[in-house]
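Numbering (the working numbering), first residue to last: 1027 to 1361. Glycine included, every Cβ here is placed at the ideal spot set by N, Cα and C.
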Amino acid sequence: MTAPLIDPFARAITYLRVSVTDRCDFRCVYCMSENMTFLPKKELLTLEELDRMCTTFVKLGVQKLRITGGEPLVRRDIMTFFQSMGRHLDSGALKELTLTTNGSQLGRFADDLYAAGVRRVNVSLDTLDEQKFADVTRWGRLPQILKGIDAAQKAGLRVKINAVALKGFNEDELPSITEWCAERDMDLTWIEVMPMGDIGNENRLDQYWSLKDVRATYADHYTVTDLAERTGGPARYVRLEETNQKIGFITPLSHNFCESCNRVRLTCTGELFMCLGQEDMADLRPALREHPDTEAPLEEAIRAAINLKPKGHDFDYSRQRADGTMSRHMSHTGG
Ligand code: SAM
Ligand code: SF4
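Dropping the structure here:
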């Protein structure tokens, strides 16, 4: 029996988020600058190496795997990776294989994802207005995303919409986005904008719309009931009584729910971030590359890293810095 991953604060680590690429076909204003420099391809773990990493985490007790990026579905041959991870679902070791995507490639890949064992996807979508969508993503086109969502639902995937709450941008769309999700039987989660990475000329303090205010706006339109449901992350849920919809709020900045944190994040170069809000990371790539025939050094490196998982995060908008408290981009760790 392999001992599970338990950190120094007695938290079991059962959830791994994996960024499989730092590249993306969009340039969302809160996530990237327009002229991003991406990693040289040789820096990236190969799909086989990503498989070895994830398989080792699963062996150590990870039950949920979320594939993210950058945009995970723009990585070449990524379906072979999903298909390969499906074996851990078949064995029962993995309970869920899922992804977060901007939806641009779902039209191509929805059926393959379902066949690989994926049952739920999170699609990031901040507005239903075509012009505003083009503005916020810089490079994206809304009709393509809507087609992707159709394809996902048709394939049998349950879709959750993640919207970043942006002051003065999608505040007025709260009722229409909510109703659109209700009509399509999709859950909806609002995310507070986080101070990560240089994003060019955009000012994050201008973008910041507190989810307390989002919740208050809901209360103006609906009867809002708090739910006790927890997922080990910074999400909290309410139900809208009139539509019987569950709405999530991800508030890493204005709340601190670190005591129940069950997750770590692996980047596409093999760095393991123990906390989204801290710079500390462990480089797992040497343990992987220098020992191609045995996973024991990798297991040891993972356990050593988990021992360093901090108690909580360091985000703080009160510092009034607009240039990003964390120097790395969200696309590096995958959100
Ligand atoms: N490209 C995929 C997508 O957009 O869903 C996956 C990667 S993206 C980095 C993951 C999530 O992080 C998206 O929902 C995106 O909206 C969110 N995100 C990116 N930058 C953010 C920021 N600075 N603050 C809050 N959320 C952010
Ligand atoms: Fe790409 Fe997702 Fe970042 Fe937008 S949020 S630029 S889609 S990685």
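By the C-beta density criterion, Asp1152 is buried, having at least 16 other C-beta atoms within 10 angstroms. When C-beta atoms of the region 1304-1321 are compared with those of the region 1040-1054, fewer than three pairs fall below 8 Å, so the two segments do not count as touching. A residue is called buried when at least 16 other Cβ atoms come within 10 angstroms of its Cβ; Arg1311 meets this threshold and is buried. The three-state secondary structure of Gln1170, taken from DSSP, is helix.
In summary, Arg1043 is buried, with 16 or more beta-carbon neighbours lying within 10 Å of its beta-carbon over all protein chains present.
Sequence-distant partners of Gln1089 (beyond 5 residues in either direction) whose C-beta falls short of 8 Å from its own C-beta, in its chain, are Thr1040, Tyr1041, Ala1119, Leu1120, Lys1121, Glu1122.
Pairwise C-beta distances place the region 1054-1063 out of contact with the region 1080-1095, as fewer than three of them are shorter than 8 Å. Spatial neighbours of Leu1071 in its own chain (CB-CB distance under 8 Å, excluding positions within 5 residues in sequence) are listed in chain order as Met1079, Cys1294, Thr1295, Gly1296, Arg1311, Leu1314. Taking one beta carbon from each stretch, the region 1160-1171 and the region 1201-1221 have fewer than 3 pairs nearer than 8 Å; the two do not touch. Put simply, of Gln1131, Thr1126, Asp1155 the residue whose alpha carbon is nearest the alpha carbon of Arg1145 is Thr1126.
In this structure, the ligand SF4 has no non-hydrogen atom nearer than 7 Å to the beta-carbon of Met1105. Here the region 1153-1163 makes no contact with the region 1100-1118; the two share fewer than three CB pairs at distances below 8 Å. Residue environment: Arg1262 is assigned as buried (16 or more neighbouring CB atoms within 10 Å of its CB, all protein chains considered). Boundaries of the beta strand (DSSP E) harbouring Trp1216: 1213-1218, taken from the DSSP string.
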